[in-house]
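One structure below.
In full-length UniProt numbering, the protein residues as written are 1 to 511.
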């Protein structure tokens with residue numbers, strides 16, 4: 001009697017439409033598969049009772065719960081054959097299907113499509129399968145393109161096609177359109193008016209915080225709460241520049257009349273855009289055009305966030321500042337550090353660096369550090385020199401033995417070995433000469449305590465001759481972090497060198 005072939009039936013439908021019916025497409029697929037397995041009863045085929053049904057899951061990927069259970073059972077040896085109604089029920093992706101076939105082959109599991117007979121053990125059967133899968137993937141891509149075209153057409157007609165809802169509107173229960181939320185709409189109109197009155201995003205955020213107004217709160221289909229957070233610069237700017245509040249929608253850079261009702265009049269909208277444009281300043285992420293020496297190094301010690309470089313112009317004069325990011329985004333009342341004159345803090349840090357050359361303890365630390373590093377380098381070079389000597393001795397012996405052997409002709413392997421050995425010997429001799437020169441150079445370059453002191457003391461006269469970019473580079477080489485505390489106007493400088501960092505810990509330069 002032949003051994004039973006345990007057959008698992010896998011069914012799938014891309015959407016959940018109609019699955020609530022007593023007899024749906026998944027049942028129809030399973031019924032066809034069971035009938036086919038029954039026809040193979042003489043071969044020992046039996047139907048496994050487990051149902052592997054993915055209703056409402058695309059065939060474009062492998063993220064399907066029933067498919068994962070199926071693969072787990074395949075790996076555990078519970079299945080001998082996987083049966084589907086059509087190939088595209090298992091996958092519409094040629095790449096994914098190839099991966100599944102690899103898993104089936106690894107565990108000696110066969111695969112059968114009820115309506116498309118082929119044998120994957122033969123080259124013609126594999127070709128037929130690949131052709132079917134190519135058409136299945138083509139069909140899926142066509143469906144995606146059609147769906148995308150449908151969404152685009154709906155957007156051009158001003159319809160709501162989904163996405164994150166905005167403050168002032170709710171999505172209709174049946175979907176496809178927006179309904180005005182009167183309570184939120186009053187808030188939106190209030191936000192526009194507050195900004196026009198205060199002419200400042202930060203001042204507007206402070207007012208919204210005082211009133212307890214927040215971003216749109218909504219619930220996803222899976223039941224998760226989203227939004228309801230305090231406004232920040234980016235979320236407030238996004239709200240004030242969204243034309244959806246004027247009854248319009250934007251799609252691919254073009255503006256279309258929407259089907260929803262406007263909640264902000266056009267005059268208010270245009271006045272807001274003019275004010276925003278007039279208040280626009282180049283952000284901190286642009287090029288360092290104003291030569292901010294501490295850009296990316298300065299942090300607010302009070303709240304732990306970065307202090308970004310900004311500037312303002314009055315008449316023809318430019319004033320530079322470093323501003324606490326927390327204060328800028330959430331209001332000046334949120335942090336005691338607020339705004340800091342850029343010239344003052346940069347001068348304080350430079351003076352702190354200049355003070356290194358006047359500190360005997362730091363000079364000794366720098367001297368000792370340089371000497372230790374030089375000695376380590378010399379030791380490594382001397383070890384390499386000894387290794388070169390040993391290799392040269394070995395190559396010399398090898399060349400001597402090769403030259404003692406008779407050479408038959410130009411194709412003799414010994415001739416090639418001799419040439420290689422001579423080339424290697426020459427390279428080792430050259431390297432040993434370079435190592436000697438490097439050792440002498442390091443020994444000659446060792447500096448004394450007095451020489452280091454003189455070099456560091458030359459920092460101040462040299463600083464005035466450097467370009468802005470050279471100054472920025474030197475500060476970044478020396479300084480790891482600068483902290484400013486607005487509570488007591490103190491500045492702390494953390495240096496990159498561990499020795500200097502330890503010696504300078506606790507020192508602070510006053511503002």
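Glycine included, C-beta positions come from ideal geometry on N, C-alpha and C.
Bear in mind the structure is a predicted one, so any value in this text is a computation, not a measurement.
Pairs of beta-carbons, one from the segment 80-99 and one from the segment 22-35, closer than 8 Å: are there three or more?
With the rule of 3 Cβ pairs closer than 8 Å, the segment 80-99 counts as touching the segment 22-35.
Beta-carbon contacts of residue 391 that lie in its chain and below 7 Å, excluding the five residues immediately before and after
Only 428 meet the Cβ criterion.
Using 8 Å as the Cβ pair cut-off and three pairs as the minimum, do the segment 256-271 and the segment 296-310 touch?
No: fewer than three Cβ pairs fall under 8 Å.
Do residue 189 and residue 244 come within 8 Å of each other at the CB atom, strictly closer than that value?
Taking 8 Å as the Cβ cut-off, residue 244 and residue 189 do not qualify as a contacting pair.
From what residue to what residue does the alpha helix (DSSP H) around residue 202 run?
Here the alpha helix (DSSP H) through residue 202 covers 201-211.
For residue 491, tell me which candidate among 439, 346, 46 has the shortest Cα-Cα distance.
Out of 439, 346, 46, 346 has the C-alpha closest to the C-alpha of residue 491.
Own chain partners of residue 207 with C-beta closer than 8 Å, once the 5 adjacent residues on each side are dropped:
Same-chain partners within the cutoff: 194, 198.
Can you give me the start and stop residues for the alpha helix (DSSP H) that residue 68 sits inside?
Secondary structure note for residue 68: its alpha helix (DSSP H) is the uninterrupted segment 65-75.
So, helix, strand or coil for residue 51, using DSSP?
Taken through DSSP and simplified to helix, strand or coil, residue 51 comes out as coil.
Pick out the complete beta strand (DSSP E) segments inside the segment 311-345, 3 residues or longer, and give them in chain order.
DSSP runs (the beta strand (DSSP E)) wholly in the segment 311-345: 317-324, 339-341.
Which of the three DSSP states, helix, strand or coil, is assigned to residue 32?
Note: residue 32 maps to helix in three-state DSSP.
Determine the direct distance from the alpha carbon of residue 33 to that of residue 12, and round the result to whole angstroms.
When the Cα atoms are used, residue 12 and residue 33 turn out to be separated by approximately 13 Å.
Cβ pair residue 293, residue 322 closer than 8 Å
No, these two residues do not count as a Cβ contact at 8 Å.
Could you compute how far the alpha carbon of residue 24 sits from the alpha carbon of residue 99?
Those two C-alpha atoms are separated by around 29 Å.
Just to confirm, is the Cβ distance from residue 299 to residue 486 under 8 Å?
Going by beta carbons, residue 299 and residue 486 fall outside the 8 Å limit.
What would DSSP say about residue 11, mapped onto helix, strand or coil?
DSSP places residue 11 in the strand class (E or B) of the three-state scheme.
Per-residue burial, residue 466 [other beta carbons within 10 Å of its own, 16 or more giving buried]
Taking a 10 Å sphere around the C-beta of residue 466, we find fewer than 16 other C-beta atoms and assign the residue as exposed.
Among the residues of its own chain, which have a CB less than 7 Å from the CB of residue 103, if the five just before and after it don't count?
So the list reads 71, 74, once near-sequence residues are dropped.
If we ignore side chains and look at the alpha-carbon of each, how far apart do residue 8 and residue 16 end up?
The C-alpha of residue 8 lies about 22 Å from the C-alpha of residue 16.
For residue 215, which residues in the same chain have their Cβ closer than 7 Å to its Cβ, ignoring the five residues on either side in sequence?
Hits under 7 Å: 167, 227, 228, 229, 231, 235.
Could you pull the start and end residues of the alpha helix (DSSP H) that residue 192 belongs to?
Judged by DSSP secondary structure, residue 192 falls within the alpha helix (DSSP H) whose first and last residues are 182-198.
Determine the DSSP secondary structure at residue 235, reduced to helix, strand or coil.
Reduced to three states, the DSSP call for residue 235 is helix.
Integer Cβ distance of residue 424 from residue 395, believed to fall under 8 Å
Contact holds; Cβ gap of about 6 Å.
Which same chain residues, not among the five before or five after residue 327, have their C-beta less than 6 Å away from its C-beta?
Only 334, 335, 338 meet the Cβ criterion.
Under three-state DSSP, which class holds residue 285?
Confidence is the limiting factor: at residue 285 the pLDDT is only 36, short of 50, which leaves the residue's position unreliable, though a coordinate-based value still follows. In the structure shown, residue 285 sits in coil (DSSP, three-state: anything other than H, G, I, E or B).
For residue 55, count the other beta carbons within 10 Å of its own beta carbon; 16 or more makes it buried, fewer makes it exposed. Which is it?
Label assigned to residue 55: buried.
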